[in-house]
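Report on the structure given below.
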Ligand SMILES: *Cc1c(COP(=O)(O)O)cnc(C)c1O
Ligand code: SF4
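Residue numbers (the numbering used here): 288 to 608.
So this is what it looks like as structure tokens:
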């Protein structure tokens, strides 16, 4: 794990002075070796590097970018659970991530509250609401938990009769595949009565490697549905070409594109913002390049809406900042 700017700069052969860095960020640099090794040396504009560099510009206050852009704090009936959409609850399984993505809307979320001892409460909540049929393990990152704890969680969830689907949302398989390689967990998921979905998070084709391919194969062989979500990020993947290559490479590795999220307006991430109008243009471009099943749904998270909202045509879009 790389945690200092000097370590990173040594690996990618750049001088810290070539980058406009914040060495004292409250959301410090954190990047697994595997991910860092995919960064092209001597390229300050590398699309993977831009996702993890703590920049001084993050400190600028920008109108419209705040600390809880998706209204999650208001939908937190108990500390470790979010119940925002019908039929699905999201369990905050861990306060940690293996990588610190600069654009993350969760960077200001009070994760410390999500301690293991709150799961009992979360399970009681799910048990009492038979309209819930899907449990999503999210985070932080579920793979921050040990294999026995994850298997125990699975068993607890299987005991709730009205649950038929378990979804795992994780960036670990992409950024640190060796850590998501959990043979016992995979074997256990394979025999579960639940339908299992693994939603990985990959923003750029360069994040996909021989190791991710091998890992996805194992999950696939266990009958697990593999989907990807990405975030549309300025200078990282905001071109038809980049998104087309990403979709094709995901498919080659057995993963279908699911969502492409427009950036949540979180304080510190404004430099990643892509205008809705450009997003729409990219979506149109993708539709012309790819079969329908390789075009992700472009979505925006609007606080208070009953689902993730699909990007609207710009004419209808009042909010096009
Ligand atoms: C995105 C999200 C979900 C899942 O939504 P889907 O549209 O089913 O992928 C569930 N809960 C929360 C809080 C979410 O943010
Ligand atoms: S892995 Fe996901 S939750 Fe963690 S910092 Fe990155 S985007 Fe945020």
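Backbone N, C-alpha and C fix where the C-beta goes; we use that ideal spot for every residue, glycine too.
In this text, all values refer to a predicted model and were calculated from it rather than measured experimentally.
1. Do residue 503 and residue 459 come within 8 Å of each other at the CB atom, strictly closer than that value?
2. Helix, strand or coil for residue 645? Go by DSSP, reduced to three states.
3. Taking the alpha carbon of residue 368 as the reference point, which residue from 521, 409, 331 has its own alpha carbon closest?
4. Among the residues of its own chain, which have a CB less than 7 Å from the CB of residue 406, if the five just before and after it don't count?
5. Whole angstroms is fine: what's the gap from residue 346's alpha carbon to residue 436's?
6. Taking C-beta to C-beta, are residue 518 and residue 490 nearer than 8 Å?
7. If we call anything under 8 Å between Cβ atoms a contact, is residue 454 one with residue 486?
8. Give the secondary structure of residue 564 by DSSP, where H, G and I count as helix, E and B as strand, and everything else as coil.
9. So what does DSSP say about residue 456, is it helix, strand or coil?
10. For residue 440 and residue 546, what's the separation of their Cα atoms in angstroms?
11. Can you find a heavy atom of ligand 2 that lies under 7 Å from the Cβ of residue 384?
12. Within 10 angstroms of its Cβ, does residue 578 collect 16 or more other Cβ (buried), or is it exposed?
13. Taking the continuous beta strand (DSSP E) assigned at residue 515, which residues delimit it?
14. Please report how far the alpha carbon of residue 476 lies from the alpha carbon of residue 426, in whole angstroms.
15. Kindly indicate which residue of 580, 574, 413, 564 has the alpha-carbon position closest to the one of residue 599.
16. So which of 330, 463, 591, 295 has the shortest CA-CA distance to residue 373?
17. Where does residue 535 fall in DSSP's three states?
18. Roughly how many angstroms lie between the CA atoms of residue 297 and residue 412, to the nearest whole one?
19. Over the uninterrupted alpha helix (DSSP H) stretch that includes residue 559, give me the two end residues.
20. Taking only the alpha-carbon atoms, compute the straight-line gap between residue 559 and residue 533 and give it to the nearest angstrom.
21. Got a sec: is the Cβ-Cβ distance from residue 329 to anything in chain C below 8 Å?
22. Please name the residue or residues paired with residue 443 in a DSSP beta bridge.
23. Is the beta carbon of residue 301 less than 8 Å from the beta carbon of residue 331?
24. Could you tell me how far apart the beta carbons of residue 483 and residue 456 are, in whole angstroms, since I believe they sit closer than 8 Å?
25. Beta carbon of residue 307, beta carbon of residue 336: below 8 Å?
26. Report yes if the CB atom of residue 515 is closer than 8 Å to the CB atom of residue 481, and no otherwise.
27. Rounded to whole angstroms, what is the Cα-Cα separation between residue 333 and residue 508?
28. How is the beta strand (DSSP E) around residue 585 delimited, first residue to last?
29. Helix, strand or coil for residue 482 per DSSP?
30. Buried or exposed for residue 288, going by 16 or more other Cβ atoms inside 10 Å?
31. Going by beta-carbon coordinates alone, are residue 553 and residue 352 separated by less than 8 Å?
So, to answer that:
1. What you label residue 459 is simply residue 172 of the chain shown in a count that begins at 1. What you label residue 503 is simply residue 216 of the chain shown in a count that begins at 1. Their beta carbons are not under 8 Å apart, which means residue 459 does not touch residue 503 by this criterion.
2. Examination of residue 645 is not possible in this model, given that the chain is present from 288 through 608 alone.
3. Sequence index remark: in the chain shown, residue 368 carries index 81 (1-based). Residue 368 has its Cα closest to that of 409, out of 521, 409, 331.
4. Residue 406 sits at position 119 when you count from the first residue of the chain shown. Once the five neighbours on either side are set aside, the close Cβ partners of residue 406 are 367.
5. Sequence index remark: in the chain shown, residue 346 carries index 59 (1-based). Sequence index remark: in the chain shown, residue 436 carries index 149 (1-based). For residue 346 and residue 436, the distance between alpha carbons rounds to 37 Å.
6. Residue mapping note: residue 518 aligns to position 231 of the chain shown, counting from 1. Residue mapping note: residue 490 aligns to position 203 of the chain shown, counting from 1. Cβ atoms of residue 518 and residue 490: closer than 8 Å.
7. Working through the chain shown from its first residue, we reach residue 454 at position 167. Working through the chain shown from its first residue, we reach residue 486 at position 199. Cβ distance < 8 Å, so residue 454 and residue 486 count as in contact.
8. The sequence position of residue 564 within the chain shown is 277, counting from 1. If DSSP states are grouped into helix, strand and coil, residue 564 belongs with the helices.
9. The sequence position of residue 456 within the chain shown is 169, counting from 1. It is a strand residue.
10. Here residue 440 is taken as the residue at index 153 of the chain shown, counted from 1. Here residue 546 is taken as the residue at index 259 of the chain shown, counted from 1. If you take the alpha carbons of residue 440 and residue 546, they lie about 26 Å apart.
11. The sequence position of residue 384 within the chain shown is 97, counting from 1. Residue 384: yes, Cβ under 7 Å from ligand 2.
12. In the chain shown, the residue the question calls residue 578 occupies position 291. Exposed, since its Cβ has fewer than 16 Cβ neighbours within 10 Å.
13. Residue mapping note: residue 515 aligns to position 228 of the chain shown, counting from 1. Run containing residue 515: 512-519, per the beta strand (DSSP E) assignment.
14. Working through the chain shown from its first residue, we reach residue 476 at position 189. Working through the chain shown from its first residue, we reach residue 426 at position 139. For residue 476 and residue 426, the distance between alpha carbons rounds to 19 Å.
15. Numbered from its first residue, the chain shown carries residue 599 at position 312. Of the listed residues, the one whose Cα sits closest to residue 599 is 564.
16. Within the chain shown, residue 373 is the residue found at index 86, counting from 1. For residue 373, the nearest C-alpha among the options comes from 591.
17. If you number the chain shown from 1, residue 535 lands on position 248. DSSP places residue 535 in helix when its eight states are reduced to three.
18. Here residue 297 refers to the residue found at position 10 of the chain shown. Here residue 412 refers to the residue found at position 125 of the chain shown. So the alpha carbons of these two residues sit roughly 49 Å apart.
19. The sequence position of residue 559 within the chain shown is 272, counting from 1. Note, residue 559: premise wrong, no alpha helix (DSSP H); not H, not E.
20. Start at 1 with the first residue of the chain shown, and residue 559 comes out as number 272. Start at 1 with the first residue of the chain shown, and residue 533 comes out as number 246. Whole-angstrom Cα-Cα distance: 18 Å.
21. The structure shown contains no chain C, having only a single protein chain.
22. Taking the chain shown and counting its residues from 1, the one referred to as residue 443 is at position 156. Paired residue(s): none; residue 443 is not in a bridge.
23. By 1-based counting over the chain shown, the position of residue 301 is 14. By 1-based counting over the chain shown, the position of residue 331 is 44. Result yes, Cβ atoms of residue 301 and residue 331 sit closer than 8 Å.
24. Indexing the chain shown from 1 puts residue 483 at position 196. Indexing the chain shown from 1 puts residue 456 at position 169. About 12 Å; that fails the 8 Å criterion.
25. Residue numbering aside, residue 307 sits at position 20 when the chain shown is read from its first letter. Residue numbering aside, residue 336 sits at position 49 when the chain shown is read from its first letter. Not in contact: residue 307 and residue 336 (Cβ atoms no closer than 8 Å).
26. Here the question's residue 515 lines up with position 228 in the chain shown. Here the question's residue 481 lines up with position 194 in the chain shown. In this structure, residue 481 does not lie closer than 8 Å to residue 515 by Cβ.
27. Mapped onto the chain shown, residue 333 falls at position 46. Mapped onto the chain shown, residue 508 falls at position 221. Approximately 33 Å between the Cα atoms of the pair.
28. Residue mapping note: residue 585 aligns to position 298 of the chain shown, counting from 1. 584-587 is the extent of the beta strand (DSSP E) around residue 585.
29. Working through the chain shown from its first residue, we reach residue 482 at position 195. Three-state DSSP puts residue 482 in a strand.
30. The residue given as residue 288 occupies position 1 in the chain shown. The residue in question, residue 288, is exposed, as its Cβ has fewer than 16 Cβ neighbours within 10 Å.
31. Translated into positions along the chain shown, residue 553 becomes position 266. Translated into positions along the chain shown, residue 352 becomes position 65. Yes; because the gap between Cβ atoms is below 8 Å, this pair is in contact.
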